[in-house]
Amino acid sequence: MSLCAVKGFQWLRQRQCVLFSKGMSFLCVHQLHSSPGFTDSCYDGLYPGHIHTTPIQKALLAVGSGVAALQNPYRHDMVAVLGETTGHLALINLRDRMKNDPEGYTILTERPRIRLSTLDLSKMASLPDGSFGREYLRFLEDNHVTPDSRADVKFVDNEELAYVMQRYREVHDLLHTLLGMPTNMLGEVAVKWFEAAQTGLPMCALGAVLGPLRLNSSRLQSLFTSLGPWALQNGRRSRCILSIFYERRWEQNLEDLRQELNIEPPPVILSAANKRST
Amino acid sequence: MAASVRLLLRLSHRNINVAAAGGSARPGCCWGPTGPSSCRCFSDATGDRSTHFGFETVPETEKAKRVYKVFENVAQKYDVMNDAMSLGIHRVWKDMLLRAMHPQPGVRLLDVAGGTGDIAFRFLEYVQSQQERQKRRAARSTQTPSWQDISTNYSTEDEDGPQESKAVVCDINKEMLKVGKQKADSMGISAAGLSWVVGDAEELPFDDDQFDIYTIAFGIRNVTHIDQALQEALRVLKPGGRFMCLEFSKVTNPVLARLYDTYSFQMIPVLGEVIAGDWKSYQYLVESIRKFPDQEEFKGMIEDAGFYCVHYHNLTGGVVALHSGFKL
Chain A
1 MSLCAVKGFQ WLRQRQCVLF SKGMSFLCVH QLHSSPGFTD SCYDGLYPGH IHTTPIQKAL
61 LAVGSGVAAL QNPYRHDMVA VLGETTGHLA LINLRDRMKN DPEGYTILTE RPRIRLSTLD
121 LSKMASLPDG SFGREYLRFL EDNHVTPDSR ADVKFVDNEE LAYVMQRYRE VHDLLHTLLG
181 MPTNMLGEVA VKWFEAAQTG LPMCALGAVL GPLRLNSSRL QSLFTSLGPW ALQNGRRSRC
241 ILSIFYERRW EQNLEDLRQE LNIEPPPVIL SAANKRST
Chain B
279 MAASVRLLLR LSHRNINVAA AGGSARPGCC WGPTGPSSCR CFSDATGDRS THFGFETVPE
339 TEKAKRVYKV FENVAQKYDV MNDAMSLGIH RVWKDMLLRA MHPQPGVRLL DVAGGTGDIA
399 FRFLEYVQSQ QERQKRRAAR STQTPSWQDI STNYSTEDED GPQESKAVVC DINKEMLKVG
459 KQKADSMGIS AAGLSWVVGD AEELPFDDDQ FDIYTIAFGI RNVTHIDQAL QEALRVLKPG
519 GRFMCLEFSK VTNPVLARLY DTYSFQMIPV LGEVIAGDWK SYQYLVESIR KFPDQEEFKG
579 MIEDAGFYCV HYHNLTGGVV ALHSGFKL
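Keeping their order, the protein sequence lines are chains A and B. Residue numbers for the first sequence follow the numbering used here, beginning at 1 and rising by one. Residue numbers for the second sequence follow the numbering used here, beginning at 279 and rising by one.
Below, the structure written as structure tokens:
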């Protein structure tokens with residue numbers, strides 16, 4: 001009996017979501033916000049952590065988070081919110097690309113997550129040098145980052161697209177390893193250029209445009225002459241990076257993986273010496 | 279099976295009814311957070327007392343915990359958010375509370391749910407300026423005293439003055455009190471007339487007949503049992519003492535009400551997310567305003583607790599109401 005009730009809840013929720021996404025009249029919006037239970041931690045919307053937002057709220061969030069992220073680039077939650085509220089079309093595009101790729105399709109059905117709890121660190125440490133898993137672990141150690149620092153998706157109103165967004169965030173560190181970029185400002189900007197070319201997410205494009213403003217002239221030169229063009233070219237021609245089942249490829253040699261993805265090795269070797277706190 | 283169909287129908291009706299009623303939900307009706315517990319609410323068999331947490335229904339025992347969590351999360355950004363959400367108008371409301379209070383030197387204030395100390399600081403400033411005004415009046419009334427006389431008068435008055443007026447800030451949440459103390463230090467307010475006490479509004483850690491004025495500003499809607507808080511207020515006040523409450527209330531003008539609702543539900547959670555990184559706490563705050571009784575009903579509750587001469591003033595068109603009562 002309770003199962004029927006839960007299904008009934010879901011049906012009602014979906015009905016309201018349809019009203020929402022069509023951006024209908026204020027009455028519907030008011031109805032939605034007057035109806036209780038929407039901010040309940042147990043009653044999670046479409047997925048755990050989901051918060052329903054009206055189009056007005058999304059617009060306000062996009063502007064507000066953009067301003068906040070510009071003022072304080074270390075506010076990763078604001079960058080995340082900006083990505084979620086502006087990335088709807090790009091996410092659909094990414095999801096369709098994943099669906100058309102057999103490995104990507106597997107990922108969409110199996111929904112793997114990259115967290116410390118799901119990674120077997122000792123096994124990865126025992127892999128030979130030059131393997132993807134070992135290099136990834138080295139990247140995490142050198143730059144003092146952890147895969148668990150990614151914020152959860154909150155404002156995407158489609159469960160599958162929310163997963164695509166989450167996957168994009170979790171793949172970001174792996175991308176650093178694939179591209180051989182450290183987590184300092186120059187490395188991050190290079191990765192952002194790659195991601196902007198690959199995914200088309202407005203947040204990446206914004207980061208790609210505004211990131212260089214914080215670089216000094218020598219790094220800017222390096223960016224514009226070698227790193228930048230390399231990142232853009234490879235972003236465009238490489239296979240969709242979200243469609244790779246990384247969790248099954250730890251043993252694969254990094255160079256092989258790069259070739260498979262159509263990514264050239266970086267033209268400049270950047271060290272992880274100047275670390276910024278993530 | 280039939281029960282679940284009934285459940286579905288009631289829920290769909292509820293959606294439409296809630297919109298028509300403008301969000302003032304019937305207290306007994308539970309849009310339960312999880313399937314099984316909502317069925318329990320409908321059957322009313324177990325008799326678990328439940329109350330509202332924003333628009334959610336939670337067991338009474340849980341509400342205090344969840345409110346604590348909310349204020350723990352928002353404490354650091356509380357003042358910034360107040361300025362952002364009310365566009366600075368909350369300062370005017372608090373100033374008006376003080377003006378209505380018109381405290382004289384020597385008076386003891388208890389500010390409950392006073393967290394970051396806004397009311398207490400204003401109280402101390404007000405009393406200090408009243409004192410200075412009295413000194414000036416006294417100086418004017420004495421006919422050409424010698425400088426020695428004046429300086430001895432000043433020195434004796436200084437010793438008595440600040441110590442007599444005491445403000446006690448009481449809050450259930452340690453994080454909020456911490457922020458308040460830091461503020462006091464940075465503002466350079468002397469610790470002489472100010473105390474910070476952890477306490478529950480429903481069970482105050484003070485003796486009877488202690489205070490001249492009891493204030494609670496934007497705190498009483500978060501209390502689980504408002505009637506108990508009112509009774510405690512009556513208890514700790516001296517005879518002749520005054521109870522004053524600033525709280526969000528029902529907007530009278532329908533046009534303003536619509537604008538206010540839109541602003542509350544669209545803008546405030548967004549501000550919470552952008553400034554404080556916490557959407558849900560501010561969603562709760564906005565919903566809790568809708569669940570609080572309106573001006574007349576709250577006036578009735580204050581009278582029921584035993585206060586006399588209960589009045590209220592609407593500020594900003596009813597967005598905020600200032601209730602006042604006396605213990606006689």
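Backbone N, C-alpha and C define an ideal beta-carbon position, used for all residues, glycine too. Owing to the predicted nature of the structure, the values given are computational and were not obtained by experimental measurement.
Helix, strand or coil, according to DSSP, for G595 (chain B) in the structure here?
DSSP places G595 (chain B) in the helix class (H, G or I) of the three-state scheme.
Given a threshold of 16 other Cβ atoms within 10 Å of its Cβ, counted over all protein chains shown, does E260 (chain A) qualify as buried or as exposed?
Around the beta carbon of E260 (chain A), fewer than 16 other beta carbons sit within 10 angstroms, so the residue counts as exposed.
P102 (chain A) versus A:E251, A:C240 and A:R258, residue with shortest Cα-Cα distance:
A:C240
To the nearest angstrom, how far is it from the Cα of L91 (chain A) to the Cα of V370 (chain B)?
Cα to Cα, the separation comes out at about 46 angstroms.
Quick one: is Q57 (chain A) near chain C, going by C-beta distance under 9 angstroms?
Chain labels in this structure do not include chain C; the protein chains are A and B.
Name the chain B residues that come within less than 9 angstroms of L60 (chain A), Cβ to Cβ?
Q544, M545, V548, L549 and V552
Mind checking C448 (chain B): buried by the 16 CB within 10 Å criterion, or exposed?
buried
Extent of the continuous alpha helix (DSSP H) to which S279 (chain A) belongs
Here chain A covers residues 1 to 278 and nothing more, so residue 279 (chain A) does not appear.
Helix, strand or coil at L270 (chain A) according to DSSP, with G and I counted as helix:
coil
CB of V597 (chain B) within 9 angstroms of CB of S527 (chain B), strictly:
yes
Under 7 angstroms between beta-carbons, which chain B residues line up against S222 (chain A)? List them in chain order, please.
Residues of chain B passing the Cβ test: none, with the nearest at roughly 34 angstroms.
Any beta carbon from chain B within less than 9 angstroms of R75 (chain A)'s own beta carbon?
yes
Looking only at its chain, what residues have a beta carbon closer than 8 angstroms to the beta carbon of M98 (chain A), apart from the 5 residues adjacent to it on each side?
G104, Y105, I107, L108, V164, C240, L242 and S243
Quick one: using the 10 Å Cβ neighbour count with 16 as the cut-off for buried, is D173 (chain A) buried or exposed?
buried
In three-state DSSP terms, what is F484 (chain B)?
coil
Roughly how many angstroms lie between the CA atoms of N158 (chain A) and I467 (chain B), to the nearest whole one?
Annotation: N158 (chain A) to I467 (chain B) spans about 52 angstroms, alpha carbon to alpha carbon.
What ranges does the alpha helix (DSSP H) occupy inside the segment 171-225 of chain A, keeping only unbroken runs of at least 4 residues that lie completely in it?
185-199, 202-210 and 217-222
L210 (chain A) versus N234 (chain A): straight-line alpha-carbon distance, rounded
20 angstroms
Helix or strand or just coil, what does DSSP make of E334 (chain B)?
strand
Within chain B, partners of T199 (chain A) - CB distance below 8 angstroms:
Neighbours of T199 (chain A) on chain B: none; closest Cβ ~23 angstroms, over 8 angstroms.
Going by C-alpha distance, which of A:G187, A:V153, A:N184 and A:F132 is nearest Q252 (chain A)?
A:F132
In the DSSP assignment, the alpha helix (DSSP H) including W230 (chain A) goes from what residue to what residue?
G228 to R237
Could you have a look at L388 (chain B) and say whether DSSP puts it in helix, strand or coil?
Three-state result, L388 (chain B): strand.
Using a threshold of 9 angstroms, state whether the C-beta atoms of L161 (chain A) and V189 (chain A) are closer than that.
no
Could you give the C-beta distance for M522 (chain B) and S464 (chain B), rounded to a whole number, given that I count them as a contact under 8 angstroms?
Contact doesn't hold; Cβ gap of about 27 angstroms is too wide.
Run through DSSP, which three-state label would F399 (chain B) get?
helix
Using 9 angstroms as the threshold, is the C-beta distance between E442 (chain B) and G384 (chain B) below it?
yes
Might you give, ordered along the chain, the residues of its own chain that have their beta carbon closer than 7 angstroms to the beta carbon of E264 (chain A), omitting 5 neighbours on each side?
Sequence-distant partners of E264 (chain A) (beyond 5 residues in either direction) whose C-beta falls short of 7 angstroms from its own C-beta, in its chain, are W230 and N234.
Per DSSP, cross-strand counterpart(s) of H589 (chain B)
B:S602
Quick check on this structure: which residue in B:L593, B:Y492, B:D361 and B:G366 has the alpha carbon closest to the alpha carbon of L534 (chain B)?
Out of B:L593, B:Y492, B:D361 and B:G366, B:L593 has the C-alpha closest to the C-alpha of L534 (chain B).
Could you tell me the distance, in whole angstroms, from the CA atom of A417 (chain B) to the CA atom of E510 (chain B)?
Between A417 (chain B) and E510 (chain B), the C-alpha separation is close to 42 angstroms.
Is R520 (chain B) helix, strand or coil when you go by DSSP?
strand
Using the rule of at least 16 other Cβ atoms within 10 Å of the residue's Cβ for burial, across every protein chain shown, is L563 (chain B) buried or exposed?
buried
I need the boundaries of the alpha helix (DSSP H) containing A535 (chain B), first residue and last residue.
Boundaries of the alpha helix (DSSP H) around A535 (chain B): P532 to T540.
When DSSP builds the beta bridges, which residues end up paired with V447 (chain B)?
Answer by DSSP bridge pairing, in chain order: B:D389 and B:W474.
Between W193 (chain A) and S559 (chain B), what straight-line distance do the alpha-carbon atoms span, to the nearest angstrom?
36 angstroms
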